[in-house]
Amino acid sequence: MARLVLCLFLSLLLPVQAQDDTAPKRDEPGLTILEQLPTRNQIPLLDNRFRIDDGVKSITLVFFRRPGTASIVLVRPDGSKVFYNTAKDHNMRWHDAASYDLIEINEPMPGPWQAVGRILPESRVLVLTDIELDVDPLPSALMVGETFKLTARLMDGDQLVNARDFREILTMQVLFVSTNNPDMENYGRGLAEVATFRDDGRGYDASARDGIFTGEVNLNFGAGEWIPRFIVRTPLYSRELEQAPVRVAPAPVAIEFVYSREMTQPHLLRLTKTSELVDADTLLFQGLIRYPDGDSFQFAITEPEQAREVTVENRGHGSYLLNLSVFGNMQDGREFVLNLPEERFLVIQQAQEALAIEPVTETPVNQAADTPPAAPEAGFPWLLVILSNLIIVTLGGVLFWLVMTGKGLNALLFWRKAKPEPPVAAKKTTATTSKPPQKDDILDLSLPDD
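With mature numbering (1 follows the signal peptide of the UniProt record, and there is no 0) applied, the sequence shown covers -18 to -1, 1 to 432.
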């Protein structure tokens, strides 16, 4: 009986173990596609909405979401909804992982699509079609201020797209997106709009409307780790390409402006190599200095043995602007051109005047003892100021009262006012009551005759 129970237990355990062993294999196709994301052509994803143009053979959707949340829901252009359990009915292959959905659609319906769910910004829409954007790889060991030429091609299969079919000139936008690596200098910097290439046959572009974009890229933003992104939009479709992250190193030259200590002496501009990526013997410098009065001064350092210092004429206080270009070779032999951002040096007038003041000579101790102490300086007359303000405020208040009441200046002479007279009736009563009776009056007591 015990052997029977043990056999039943093992029979139940083996399928579970087999399921666990095959689980990682289910995720391998998804992980393989995730590794290919940076180099695949993409369709822009805005507010979880994207548009599929006509002629797309296959499309792969990768939607990242918070771990443990439910799978997303796709809304097709006709308004119908596609769920994870109904994907096979719509000719879709849907891989539901713990933190992302990997969806492959063959012959997708053209038009606007929408994804509903707790989707993260890292989501991608990868497209497999004959229309692709091909961009030359970027140089290695990029530096801040580096300028180089870049070429991109809009391909239809193995041929260039005929851009003459479009009414408007095609443009390609070049962006650098921060990887938000906390260990890098550009953490939290977002994106930098680097350049916009136009297929118009001007500048570096050789021919107009040939599907080839050629232009100049100037890395005039901060150092750090960036993701190059290229976007082409046409009236019929849009294409977006991301390359692998690149590291942009700080500029290999430090600029030091030594301020003059005297008004009659010039300033000094000193250039120093600070990076081991470049060959110091190949560095050449060309610059332009703008003085505060509007004049300019050009200089060049073309010899390796030449001192990397430039004398700057002292034109007084104000802003001195420096535009500097650096030419040279990397340690691996690659040539580079740097157009560094404009530097501004501010000379303050008070600082130069303070430096020009002669130092005060020390007074001997005996001479200082014989010198009588100076009389103390009179303090500020605060009492006089307070009394003056009180008088002004009082006069102003009186004048305001006279104007508002309409009375004259006599109203202020209260001590000259006459006492009010009593009423007339009161006077008569007082006179009558105050009269004393007459004591000499004789009473008539005689009787009349019959």
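Glycine residues also receive a C-beta, built at the ideal position from the N, C-alpha and C atoms.
Everything numeric in this text was worked out from a predicted model, so none of it was measured.
With fewer than three CB-CB distances shorter than 8 angstroms, the stretch 82 to 92 does not count as touching the stretch 123 to 140. If you draw a 10 Å sphere on the C-beta of Thr293, you find fewer than 16 other C-beta atoms in it, and that means exposed.
Around the beta carbon of Thr256, fewer than 16 other beta carbons lie within 10 angstroms, which makes this residue exposed. Cβ-Cβ distances below 6 angstroms link Gln155 to Thr178 and Ile213 in the same chain, with the five nearest sequence neighbours on each side left out; the list follows chain order.
DSSP lists Leu270 as the beta-bridge partner residues of Asn305. Taken through DSSP and simplified to helix, strand or coil, Val126 comes out as coil. Between the alpha carbons of Pro59 and Arg221 lies a distance of about 20 angstroms. Boundaries of the beta strand (DSSP E) around Phe179: Leu173 to Arg180. The beta carbon of His249 is closer than 7 angstroms to those of Phe239, Val240, Tyr241, Ser242, Val294 and Asn296 in its chain, skipping five residues each way along the sequence. The beta strand (DSSP E) runs lying completely inside the stretch 66 to 93 and spanning 3 residues or more are 74 to 78 and 82 to 88, given in chain order. Looking at the DSSP output, Asn321 bridges to Ser307.
Out of Tyr273, Phe267, Ala282 and Thr216, the CA that lies nearest to the CA of Ile113 is found in Thr216. Here the alpha carbons of Glu207 and Val230 stand approximately 6 angstroms from one another.
Inclusion of Trp95 and Phe158 in the CB contact set at 8 angstroms is not warranted, their separation being larger than that value.
Less than 8 angstroms divides the Cβ of Pro234 from the Cβ of Leu259. When DSSP states are grouped into helix, strand and coil, Arg146 belongs to the helix group. For Gly378, the enclosing alpha helix (DSSP H) begins and ends at Trp364 to Thr387.
For Asp60, the secondary structure class from DSSP, reduced to helix, strand or coil, is coil.
The straight-line gap separating the alpha-carbon atoms of Val319 and Gln225 is approximately 22 angstroms. When only Cα atoms are considered, Thr264 and Phe309 end up about 8 angstroms apart.
When Cβ pairs closer than 8 angstroms are counted between the two stretches, the stretch 184 to 193 is seen not to touch the stretch 164 to 173, the count staying below three.
In the three-state reduction of the DSSP assignment, Asp263 falls in the helix class.
The continuous beta strand (DSSP E) containing Thr153 extends over residues Thr153 to Ser160. Distance from the CA of Leu136 to the CA of Asn144, rounded to the nearest whole angstrom, comes to 9 angstroms. For Gln280, the secondary structure class from DSSP, reduced to helix, strand or coil, is strand. Per DSSP, the continuous beta strand (DSSP E) segment holding Val294 begins and ends at Glu291 to Val294. Under the three-state reduction of DSSP output, Gln331 falls in the helix class. Our two residues, Arg106 and Ser62, have alpha carbons roughly 22 angstroms apart in a direct line. The residues Pro49, in chain order, have a CB closer than 6 angstroms to that of Ala80 in the same chain once the five nearest residues on each side in sequence are set aside.
Contact between Arg290 and Arg252 holds: CB atoms are separated by about 7 angstroms, below the 8 angstroms threshold.
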